[in-house]
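Asks: Residues 1341 to 1636 (the working numbering) are what the sequence shown spells out, left to right. Even for Gly, the Cβ is constructed at its ideal location relative to N, Cα and C. Quick one: the structure is below, and I'll ask about it shortly.
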Amino acid sequence: MTSTRATPAPAEPAERPGRSPAPRRRGRAERRPRILIAVTALFFALLYLPIGVVALYSFNAKKSLTVFGGFSLRWYRAFLHDDVLISSLGTSLKISLAAMAGSVLLGVALAIGLVRSRSRLGSLAGLIMLVPLITPEIVTGVASMLLFKGLGVTLSTGTVMLAEITFSVSYVTVILRSRVAALNPEVEEAAMDLGATRWQAVRLVTLPALLPAVLASAVLIFALVFDDFVLAYFTTGVDPQPLPVRIYSAIRFGVRPTVNAVGTLMLAGSVALIALALFIPRLFGRKGGLDILSGS
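Listed below in structure tokens is the structure:
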């Protein structure tokens, strides 16, 4: 009998050095769905195309909202010489600064208190702080107006400031609450063991650690309040009016090209402030602004 030996399988040729393996063909699951890309592009086009048109016609040399006659800074110069719009701009800046300062002070205190509170009341208060974030702003505006009217308070710049502070506190609290929870409470206890009081431990240990998040939330609140229309419309008086309300009052009698310039400046200012809020934490070597503003 002759014995049969199993013939070994031929060895695969070794890959030559310096050559990359042949690319695999992408399966259907790995291919990018073109329909979703098209829908996304269409969505962003419909969202930003009107804003782009406003910005383009703010540089229009003609007094027209439909025919572009060349680039010019005519309407920006007209805005700078309009005393009514400049007065409204100053009012909006005052309201934004007051809302930023008031909401940050209250939000820092509430965030620290809600995190350090171990009672059920603290958990309930934390849930209540989320209500303004999901409530339609028009409901808050009408409720604020009815409250001021019921108390006999005349609508003015002060009522707008109070309404904006009340509405903005929730944003600051939600942003800072997760940052406070991430802090190690043993650091404060160590500071108190070394002779610091509770307030000194908070001022010298906790607040410096929260400074990037506090600055980012402050800039964000300034940007949100500056171009807020709904709440300002229901709580403002006759004069002086915030800039968004003044623009709305002006376009009811016809849109002027100056409005395009004002809208472009407000858009550029808001984008710059939000970019600053996202960049501030990086100056301190902390997490990105998106992580802080999202609470992660």
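Check whether the Cβ atoms of T1499 and T1576 lie closer than 9 Å to each other.
Replies: Cβ distance < 9 Å, so T1499 and T1576 count as in contact.
Asks: Residue ranges of each beta strand (DSSP E) run of no fewer than 3 residues wholly in the segment 1438-1489, ordered along the chain?
Replies: You should have found no qualifying run.
Asks: Rounded to whole angstroms, what's the CA-CA distance from L1464 to K1403? Just pull it up for me.
Replies: Approximately 56 Å between the Cα atoms of the pair.
Asks: Between S1634 and the rest of its own chain, which residues show a CB-CB distance below 7 Å, the 5 nearest in sequence each way excluded?
Replies: In this prediction, S1634 scores a pLDDT of 49, lower than 50, which makes its location untrustworthy; the coordinate-derived value is nonetheless stated afterwards. The answer is none, since no qualifying residue turns up.
Asks: In angstroms with no decimal places, state the Cα-to-Cα distance between S1484 and S1443.
Replies: In a straight line, the C-alpha of S1484 is about 17 Å away from that of S1443.
Asks: Please report the straight-line C-alpha distance between R1637 and F1411, rounded to a whole angstrom.
Replies: The chain is shown only over 1341 to 1636; residue 1637 falls outside these bounds and no answer can be derived.
Asks: Can you find at least 3 beta carbon pairs, one from the segment 1486-1503 and one from the segment 1435-1452, that sit closer than 8 Å?
Replies: Result yes; three or more Cβ-Cβ pairs closer than 8 Å.
Asks: Check the DSSP bridge columns for N1400 and list the partner residues they point to.
Replies: BP columns for N1400 point to F1411.
Asks: Use the C-beta contact count for T1344: other C-beta atoms within 10 angstroms, 16 or more gives buried, fewer gives exposed.
Replies: Unreliable positioning characterises T1344 in this predicted model, as indicated by a pLDDT of 47, which lies under 50. The coordinate reading is nonetheless provided below. That one is exposed.
Asks: Assuming V1602 contacts F1419 (C-beta within less than 8 Å), just tell me the rounded distance between them.
Replies: Going by Cβ atoms, the distance from V1602 to F1419 rounds to 6 Å, so yes, they are a contact pair.
Asks: Have a look at I1478 and L1445 and give me their C-alpha separation to the nearest angstrom.
Replies: C-alpha separation (whole angstroms): 25 Å.
Asks: Would A1674 and M1532 be called neighbours here (beta carbons separated by less than 9 Å)?
Replies: Nothing can be reported for residue 1674, as the shown portion of the chain is limited to 1341 through 1636.
Asks: Considering only the beta carbon of each residue, do P1584 and W1415 sit closer than 9 Å?
Replies: Going by C-beta atoms, P1584 is not nearer than 9 Å to W1415.
Asks: Considering just the uninterrupted stretch of the alpha helix (DSSP H) at R1596, what are its terminal residues?
Replies: Note, R1596: premise wrong, no alpha helix (DSSP H); not H, not E.
Asks: Looking at C-alpha atoms only, which residue of P1525, V1595 and P1580 is the closest neighbour of V1455?
Replies: When each option's Cα is compared against that of V1455, the closest is P1525.
Asks: With D1533 as the anchor, note down where its alpha helix (DSSP H) starts and where it stops.
Replies: That run of the alpha helix (DSSP H) goes P1525 to D1533.
Asks: Check for me: the alpha helix (DSSP H) holding T1406 runs from which residue to which?
Replies: Segment: none, T1406 is in no alpha helix (DSSP H) and carries neither H nor E.
Asks: Work out the CA separation of R1543 and V1448 for me, nearest whole Å.
Replies: The alpha-carbon atoms of V1448 and R1543 are separated by roughly 12 Å.
Asks: Should P1476 be labelled buried (16 or more other beta-carbon atoms within 10 Å of its own) or exposed?
Replies: By the 10 Å Cβ count, P1476 comes out exposed.
Asks: Rounded to a whole number of angstroms, what is the C-alpha to C-alpha distance between F1383 and I1391?
Replies: Their backbone Cα atoms lie some 14 Å apart in a straight line.
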